[in-house]
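Residue numbers (the numbering used here), protein chains in the order written: chain A, 403 to 516; chain B, 308 to 420.
Below: one structure, written as structure tokens.
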Amino acid sequence: DAGVIQSPRHEVTEMGQEVTLRCKPISGHDYLFWYRQTMMRGLELLIYFNNNVPIDDSGMPEDRFSAKMPNASFSTLKIQPSEPRDSAVYFCASSLPGVDQPQHFGDGTRLSIL
Amino acid sequence: EDQVTQSPEALRLQEGESSSLNCSYTVSGLRGLFWYRQDPGKGPEFLFTLYSAGEEKEKERLKATLTKKESFLHITAPKPEDSATYLCAVQADGSNSGYALNFGKGTSLLVTP
Numbered sequence: 403d404a405g406v407i408q409s410p411r412h413e414v415t416e417m418g419q420e421v422t423l424r425c426k427p428i429s430g431h432d433y434l435f436w437y438r439q440t441m442m443r444g445l446e447l448l449i450y451f452n453n454n455v456p457i458d459d460s461g462m463p464e465d466r467f468s469a470k471m472p473n474a475s476f477s478t479l480k481i482q483p484s485e486p487r488d489s490a491v492y493f494c495a496s497s498l499p500g501v502d503q504p505q506h507f508g509d510g511t512r513l514s515i516l
Numbered sequence: 308e309d310q311v312t313q314s315p316e317a318l319r320l321q322e323g324e325s326s327s328l329n330c331s332y333t334v335s336g337l338r339g340l341f342w343y344r345q346d347p348g349k350g351p352e353f354l355f356t357l358y359s360a361g362e363e364k365e366k367e368r369l370k371a372t373l374t375k376k377e378s379f380l381h382i383t384a385p386k387p388e389d390s391a392t393y394l395c396a397v398q399a400d401g402s403n404s405g406y407a408l409n410f411g412k413g414t415s416l417l418v419t420p
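Set out below in structure tokens:
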């Protein structure tokens, strides 16, 4: 079975540019999560969706960040304009409904903003 | 505010040398405690979910236990392939928490031959 698929795996861009990260969740998973991982802060939840609807975006750091889920098989996380402090590894995860269901993670996008 | 603290930050073991990793948590009400393994350049991989104090779960050389304040991940006779970062996460019980996971910063385990 295909797991969570993220693209690109690596992104290097200059400050001020728009960055778009993409995620395809596991088929049949109703929940989709975006996380950010840094050495300083560890793994932090940014936003999550249920049935394509954003449920909790309290972790989104500022208005420069936005996330969408136009359908059940695709989500994007956009940063505009990007800043060097946005450099991190961004993970997408998905899960079945039910609070006891584990979240399954993709292999992440390593983002470097110069 | 919910808090998850893992210790030690890093641990080096000889192959076959058993040890335990600690995850201390503060949460208003625990819905579940999750253990994940993360290899370099990869996303976290799910290992266990624990729900109530006294619960234990095992998988190969790993055993996870839970008390009201902390969880332990016991590694028995580790092998070099057990080298990874082990992450602990809690899910709080409350209408505002939903499905959010609060992760600790992890323990980086190195097992040498």
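Note that beta-carbon positions come from the ideal geometry of N, C-alpha and C, so glycine has one too.
Whole-angstrom distance between residue j and residue i, CA atom to CA atom
i: Q503 of chain A; j: A399 of chain B; result: 14 Å
i: S378 of chain B; j: Q345 of chain B; result: 18 Å
i: I457 of chain A; j: S468 of chain A; result: 13 Å
i: D389 of chain B; j: P420 of chain B; result: 11 Å
i: E485 of chain A; j: E322 of chain B; result: 43 Å
i: I407 of chain A; j: P427 of chain A; result: 7 Å
i: L369 of chain B; j: F451 of chain A; result: 32 Å
i: E416 of chain A; j: K480 of chain A; result: 15 Å
i: L434 of chain A; j: L516 of chain A; result: 29 Å
i: F493 of chain A; j: N473 of chain A; result: 19 Å
i: M441 of chain A; j: D465 of chain A; result: 23 Å
i: V311 of chain B; j: R512 of chain A; result: 25 Å
i: G444 of chain A; j: A490 of chain A; result: 10 Å
i: D509 of chain A; j: S477 of chain A; result: 15 Å
i: N329 of chain B; j: V455 of chain A; result: 36 Å
i: P499 of chain A; j: G411 of chain B; result: 24 Å
i: A495 of chain A; j: P347 of chain B; result: 17 Å
i: L380 of chain B; j: H506 of chain A; result: 20 Å
i: Y332 of chain B; j: W342 of chain B; result: 13 Å
i: K349 of chain B; j: N453 of chain A; result: 26 Å
Beta strand (DSSP E) segment containing residue i, residue limits
i: Q505 of chain A; result: Neither: Q505 of chain A is in no beta strand (DSSP E) and is coded neither H nor E.
i: V397 of chain B; result: A391 to A399
i: S468 of chain A; result: F467 to N473
i: V311 of chain B; result: Q310 to S314
i: V414 of chain A; result: H412 to T415
i: L328 of chain B; result: S326 to T333
i: G339 of chain B; result: L337 to Q345
Buried or exposed (CB count within 10 angstroms, at least 16 for buried), residue i
i: L298 of chain B; result: In this structure chain B extends from 308 to 420, so residue 298 of chain B is not present and cannot be described.
i: A283 of chain B; result: Nothing can be reported for residue 283 of chain B, as the shown portion of chain B is limited to 308 through 420.
i: V397 of chain B; result: buried
i: R438 of chain A; result: buried
i: P385 of chain B; result: buried
i: S358 of chain B; result: Per the sequence shown, the amino acid found at residue 358 of chain B is Tyr instead of Ser. By the neighbour-count rule (16 or more Cβ atoms within 10 Å), Y358 of chain B is not buried but exposed.
i: A404 of chain A; result: exposed
i: Q313 of chain B; result: buried
i: Q419 of chain A; result: exposed
i: A360 of chain B; result: exposed
i: A317 of chain B; result: exposed
i: V334 of chain B; result: buried
i: G430 of chain A; result: exposed
i: S409 of chain A; result: exposed
i: V344 of chain A; result: A query on residue 344 of chain A cannot be resolved here, the shown segment of chain A reaching from 403 to 516 and no further.
i: S514 of chain A; result: exposed
i: L417 of chain B; result: exposed
i: T356 of chain B; result: buried
Helix, strand or coil at residue i according to DSSP, with G and I counted as helix
i: P486 of chain A; result: helix
i: E421 of chain B; result: Because residue 421 of chain B is not part of the residues shown, which for chain B are 308 to 420, the question remains open.
i: E388 of chain B; result: helix
i: K364 of chain B; result: strand
i: L408 of chain B; result: coil
i: T372 of chain B; result: strand
i: P456 of chain A; result: strand
i: A404 of chain A; result: coil
i: I515 of chain A; result: strand
i: L498 of chain A; result: coil
i: E322 of chain B; result: coil
i: Y437 of chain A; result: strand
i: R443 of chain A; result: coil
i: K480 of chain A; result: strand
i: S415 of chain B; result: strand
i: Y358 of chain B; result: coil
The ligand GDP heavy atom lying under 7 Å from the CB of residue i
i: P504 of chain A; result: No copy of the ligand GDP appears in this structure; indeed no ligand is present at all.
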